[in-house]
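Colleague:
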Amino acid sequence: MKIKRYILSAALLTAVLSAGAQTRLLTDERLSVCFTDGTDTLRAPAEGLWSVATEWHNDWPAGWQHAGVQSVEASGKWTVLHGELNLPQGKMLLSDSYTATANGMIHCIRRFEWQGPDTLRHATLSVRLQKHGTGLSLFAPGIIYYGNSNGASINPSAVPVWTGAPGEFAIFEDHRYPMPFVMLEDAANLRAAAVHTVPSPVRGAVLNDQWWSLGAEACDGCTEFVMYSGPIGYNGVRSTAKARQKKSMRYADTWIDMEPGRIVEKEFYIDLYAIERKGSGFRRPLYASLDRYKPYDAERFESFGKIVEGKARFAASRWTESPQACGFNMYDPRSSRKHIVMGWCGQAASPGYAMQVLEPLLVSGSGPWTSENIRDRVQRSLDFLTNCSWRDDGLFCTRYNCETGAWDQGDPVSCGQAMYNFAKAIEYARRHPGTYDVSKWEKFLKTACDKTADRILSCKWNPLSTAEAFCIAPLAAASELFGKARYRNAAQKAAGLFAERHLEMDGCYWGGTLDATCEDKEGAWAAFQGFLECYERFGQKQYLDWARHAMDVCLSYVAVWDIPLPAGRLSDRGFKSTGWTVVSPQNQHLDVYGVLFAPEVCRMGRLLGDERLVKLSKVMYRSCYQLTDAYGSQGEQIQHTNFAQRGDMSDVHKLRGGYAESWTVFWITAHFLNAAAKFIEYGEAINDM
Numbered sequence: 003m004k005i006k007r008y009i010l011s012a013a014l015l016t017a018v019l020s021a022g023a024q025t026r027l028l029t030d031e032r033l034s035v036c037f038t039d040g041t042d043t044l045r046a047p048a049e050g051l052w053s054v055a056t057e058w059h060n061d062w063p064a065g066w067q068h069a070g071v072q073s074v075e076a077s078g079k080w081t082v083l084h085g086e087l088n089l090p091q092g093k094m095l096l097s098d099s100y101t102a103t104a105n106g107m108i109h110c111i112r113r114f115e116w117q118g119p120d121t122l123r124h125a126t127l128s129v130r131l132q133k134h135g136t137g138l139s140l141f142a143p144g145i146i147y148y149g150n151s152n153g154a155s156i157n158p159s160a161v162p163v164w165t166g167a168p169g170e171f172a173i174f175e176d177h178r179y180p181m182p183f184v185m186l187e188d189a190a191n192l193r194a195a196a197v198h199t200v201p202s203p204v205r206g207a208v209l210n211d212q213w214w215s216l217g218a219e220a221c222d223g224c225t226e227f228v229m230y231s232g233p234i235g236y237n238g239v240r241s242t243a244k245a246r247q248k249k250s251m252r253y254a255d256t257w258i259d260m261e262p263g264r265i266v267e268k269e270f271y272i273d274l275y276a277i278e279r280k281g282s283g284f285r286r287p288l289y290a291s292l293d294r295y296k297p298y299d300a301e302r303f304e305s306f307g308k309i310v311e312g313k314a315r316f317a318a319s320r321w322t323e324s325p326q327a328c329g330f331n332m333y334d335p336r337s338s339r340k341h342i343v344m345g346w347c348g349q350a351a352s353p354g355y356a357m358q359v360l361e362p363l364l365v366s367g368s369g370p371w372t373s374e375n376i377r378d379r380v381q382r383s384l385d386f387l388t389n390c391s392w393r394d395d396g397l398f399c400t401r402y403n404c405e406t407g408a409w410d411q412g413d414p415v416s417c418g419q420a421m422y423n424f425a426k427a428i429e430y431a432r433r434h435p436g437t438y439d440v441s442k443w444e445k446f447l448k449t450a451c452d453k454t455a456d457r458i459l460s461c462k463w464n465p466l467s468t469a470e471a472f473c474i475a476p477l478a479a480a481s482e483l484f485g486k487a488r489y490r491n492a493a494q495k496a497a498g499l500f501a502e503r504h505l506e507m508d509g510c511y512w513g514g515t516l517d518a519t520c521e522d523k524e525g526a527w528a529a530f531q532g533f534l535e536c537y538e539r540f541g542q543k544q545y546l547d548w549a550r551h552a553m554d555v556c557l558s559y560v561a562v563w564d565i566p567l568p569a570g571r572l573s574d575r576g577f578k579s580t581g582w583t584v585v586s587p588q589n590q591h592l593d594v595y596g597v598l599f600a601p602e603v604c605r606m607g608r609l610l611g612d613e614r615l616v617k618l619s620k621v622m623y624r625s626c627y628q629l630t631d632a633y634g635s636q637g638e639q640i641q642h643t644n645f646a647q648r649g650d651m652s653d654v655h656k657l658r659g660g661y662a663e664s665w666t667v668f669w670i671t672a673h674f675l676n677a678a679a680k681f682i683e684y685g686e687a688i689n690d691m
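The opening position of the sequence shown corresponds to residue 3 in my numbering, with each subsequent residue numbered one higher.
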């Protein structure tokens with residue numbers, strides 16, 4: 003190629019490609035900029051590579067000014083594009099520095115340097131890249147799952163929604179993202195593009211704790227990836243934060259003021275790639291995010307043994323019994339609420355499995371447990387739960403009120419989880435004959451599986467959400483425990499239905515969180531657990547493939563970076579967010595739920611030969627023990643972003659960094675013990691944990 007002043011020279015092109023990049027930077031004779039992998043492209047807007055607003059009207063940046071590339075130069079591995087913006091207030095120097103990465107992306111550092119004589123006020127800086135096409139699906143980890151169509155069908159005001167219609171926008175704070183990237187999928191052409199941001203607060207911001215934002219805006223014939231130096235909004239409302247469980251809160255006036263000489267930089271990565279099938283575009287950037295942050299340092303957190311000891315000690319404090327009942331109380335015993343609850347937040351059946359496996363570890367520690375009291379409480383707690391009432395719809399009641407002696411409630415999530423606890427408890431006890439009498443447990447599980455199989459095998463079965471996927475794993479396990487092909491048939495039918503519904507992401511896994519009505523990691527976990535159990539029990543490779551897809555959705559809720567926090571409870575404790583999980587697009591806080599599926603992530607790592615998953619699983623488990631107090635107690639809601647569900651929620655600017663520790667329900671303890679038992683059963687060496 004002949005070298006021209008206004009064309010990217012062969013030498014510069016070589017510089018960009020030197021790391022074997024799949025995505026390449028190109029310019030043309032007009033110095034228009036695009037990124038291409040030879041098939042797909044992202045282009046800078048026609049008005050210019052750089053866009054800066056210097057006004058603020060109607061809760062949004064205004065007075066946009068644009069600049070194009072004036073020169074291109076090579077500097078080592080970098081290709082640098084230069085421009086400048088001449089404003090009435092003075093001059094702004096602009097540059098983009100690009101280089102290739104080893105994994106096929108383009109790395110960019112965008113620089114804004116204000117050279118005016120006075121402070122430039124009401125400024126908004128941006129990054130804009132256009133992907134042409136219509137009907138593009140949007141994926142924003144923890145926030146938007148291919149549009150959140152299931153949540154939108156129930157309550158569109160409670161979740162961010164995306165259809166791709168011109169004029170839509172979905173732009174969120176950097177610190178809201180557990181994995182900081184957004185992806186656009188062109189399913190019709192089996193193409194996808196992703197932009198990864200390096201999250202950062204903004205110097206010169208008029209708000210305290212103001213960060214860059216990341217998201218997308220739909221235009222006629224294209225969709226823009228956008229990053230702004232503060233502005234956010236979604237569902238057609240500008241300057242609003244997803245700050246409450248069922249509504250937003252105004253988050254406005256997010257401009258910056260740049261004093262003379264101020265330099266602001268924004269770092270990001272661009273990736274263009276082909277996909278194998280519809281609904282898979284999110285997977286490449288997910289693993290790229292893991293590779294970039296490498297969230298694998300488990301040694302900075304408490305050890306496996308100390309966690310088990312601490313959680314087991316706290317579990318002992320939740321034991322309650324009377325002449326009529328015994329079991330693990332869902333609530334703090336100092337409260338007036340005494341409920342023994344199976345599944346969901348109660349997890350009263352979980353220790354019946356976990357403590358069998360953990361007995362050698364617990365009796366060798368310094369806690370209150372002995373073989374005698376472990377075996378006594380395992381036996382009696384599970385025996386008591388088998389006395390639950392049955393409902394007309396085939397579900398069993400999951401909540402026992404210790405004050406009234408009445409059973410009530412019951413739902414597919416809680417029932418499925420409890421059934422699996424019983425299946426695991428029976429299976430382990432059978433391998434150690436003479437220790438437990440499992441006759442009542444077996445009778446209960448058979449009855450539950452019979453009723454569940456009746457429901458699923460009926461031609462009328464058409465579950466609303468993925469919640470009933472929690473029934474797959476216990477049915478699969480029970481098919482081996484009791485030699486019943488009918489249970490296997492029901493498990494396989496359910497697995498096939500949920501795979502058909504969700505593998506292409508026309509509607510993402512959802513409905514597994516009982517206090518939310520949208521896409522969620524619990525729904526994805528229900529499918530992940532069920533698919534993996536089918537693979538382990540029945541062996542067909544398709545189940546492993548399905549399990550990996552559902553696992554990847556689960557992993558997209560896992561924070562891979564330590565989100566810096568403002569002054570508050572979390573900052574006081576030096577909280578590290580890596581390994582914690584966002585709940586759902588509706589409930590935008592962190593919790594310890596990822597602990598529950600960490601062993602299955604580890605198992606998948608072993609099955610797939612992917613050491614990243616093995617390492618990540620151990621971080622997920624050990625990191626989530628943070629904030630445990632002197633009594634062994636933890637709260638559930640970690641406010642890493644501008645969102646809260648409890649406490650004073652009157653001021654959006656005071657939500658981030660808060661910690662709602664009063665919701666100390668038993669699942670926070672039970673899941674640690676359950677996961678520890680599964681790690682051990684999967685053959686993981688405790689000393690390596």
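Think of the CB as a built atom: it goes at the ideal place given N, C-alpha and C, for glycine as much as any other residue. Just so you know, these numbers come straight off a predicted model, no measurement behind them.
(1) Report buried or exposed for Q326, applying the criterion of at least 16 other Cβ atoms within 10 angstroms of its Cβ.
(2) Please state if the CB of I670 and the CB of V603 are separated by a distance shorter than 8 Å.
(3) How big is the Cα-Cα spacing for E405 and K340?
(4) Give the straight-line distance between the Cα atoms of D255 and W62, rounded to the nearest whole angstrom.
(5) So what does DSSP say about F462, is it helix, strand or coil?
(6) For the stretch 114-129 against the stretch 42-56, are there 3 or more C-beta pairs whose distance is under 8 Å?
(7) May I ask which residues mark the beginning and end of the alpha helix (DSSP H) holding D574?
(8) For W582, does the three-state DSSP call read helix, strand or coil?
(9) Quick check on DSSP: helix, strand or coil for R264?
(10) DSSP three-state call for H642: helix, strand or coil?
(11) Looking at F446: is its Cβ nearer than 8 Å to the Cβ of T400?
(12) When you compare only the Cα positions, how much space is there between S20 and N423?
(13) Threshold first: 3 residues or longer. Then list the beta strand (DSSP E) segments lying entirely within the stretch 349-410, N to C.
(14) Helix, strand or coil for S307 per DSSP?
(15) Using alpha carbons as the reference points, say which of Q91, P168, G70 and Q24 lies closest to N109.
(16) For the beta strand (DSSP E) containing S99, list its first residue and its last residue.
(17) Nearest to F530 by alpha carbon, out of P233, D554, G149 and L483?
(18) Please specify which runs of the beta strand (DSSP E), each continuous and at least 3 residues long, are wholly inside the stretch 114-154, giving them in chain order.
(19) Which residue marks the beginning of the alpha helix (DSSP H) containing N676, and which one marks its end?
(20) Our contact map puts L618 next to R550 with C-beta atoms below 8 Å; I'd like the distance itself, whole angstroms only.
(21) Name the one or two DSSP bridge partners that D188 has.
(22) Identify every run of the alpha helix (DSSP H) within the stretch 432-476, keeping only runs that are complete inside it and at least 4 residues long; order them along the chain.
(23) Can you say whether H642 is buried or exposed, counting buried as having 16 or more other CB atoms within 10 angstroms of its CB?
(24) Considering only the beta carbon of each residue, do I146 and F674 sit closer than 8 Å?
(25) Residue range of the alpha helix (DSSP H) that A549 falls in?
(26) Pull up the distance between the alpha-carbon of A207 and that of W58, whole angstroms please.
(27) Following the continuous alpha helix (DSSP H) through A1, name the residue where it begins and the one where it ends.
(28) Let me confirm a value: R279 is counted as buried when at least 16 other C-beta atoms fall within 10 Å, else exposed. Which label applies?
(29) Beta-carbon within less than 7 Å of A420's beta-carbon, same chain only, minus the 5 sequence neighbours each way: which residues are those?
(30) Shortest alpha-carbon distance to W699 belongs to which of G596, T101, R575 and M507?
(31) When burial is assigned at 16 or more other CB atoms within 10 Å of the CB, is G634 buried or exposed?
(32) Starting from L609, trace the alpha helix (DSSP H) in both directions and tell me its first and last residue.
(33) Could you tell me if A17 is buried or exposed, where buried requires 16 or more neighbouring beta carbons within 10 angstroms of its beta carbon?
(34) Between the alpha carbons of V585 and F645, how many angstroms are there, rounded?
(35) State yes or no: is the C-beta of D176 within less than 8 Å of the C-beta of S215?
(36) Is I458 buried or exposed, if buried means 16 or more other CB atoms sit within 10 Å of its CB?
Modeller: Short version:
(1) exposed
(2) no
(3) 7 Å
(4) 8 Å
(5) Before going further, note that residue 462 is Lys rather than Phe in the sequence given. In this structure, K462 counts as coil in the three-state DSSP scheme.
(6) yes
(7) R571 to D574
(8) coil
(9) coil
(10) coil
(11) no
(12) Note on S20: pLDDT 48, under 50, position unreliable in the model; the coordinate value appears next. Answer to the nearest angstrom: the Cα atoms are 54 Å apart.
(13) 401-403
(14) Note on residue identity: the sequence assigns Gly, not Ser, to residue 307. In this structure, G307 counts as helix in the three-state DSSP scheme.
(15) Per the sequence shown, the amino acid found at residue 109 is His instead of Asn. Minimum Cα distance to H109 is reached at Q24.
(16) G92 to A102
(17) D554
(18) 122-134 and 139-142
(19) W669 to E683
(20) L618 to R550, Cβ: 14 Å. No contact.
(21) R193
(22) 441-459
(23) buried
(24) no
(25) K543 to L557
(26) 14 Å
(27) With the chain represented from 3 up to 691, any question about residue 1 goes unanswered, as that position is not in the structure.
(28) exposed
(29) M344, G345, A351 and T400
(30) Absent from the model: residue 699. The displayed extent of the chain is 3 to 691, so no value can be given.
(31) buried
(32) G596 to L610
(33) Unreliable placement is indicated for A17, whose pLDDT of 45 sits below 50; no coordinate value is reported for it.
(34) 12 Å
(35) yes
(36) buried
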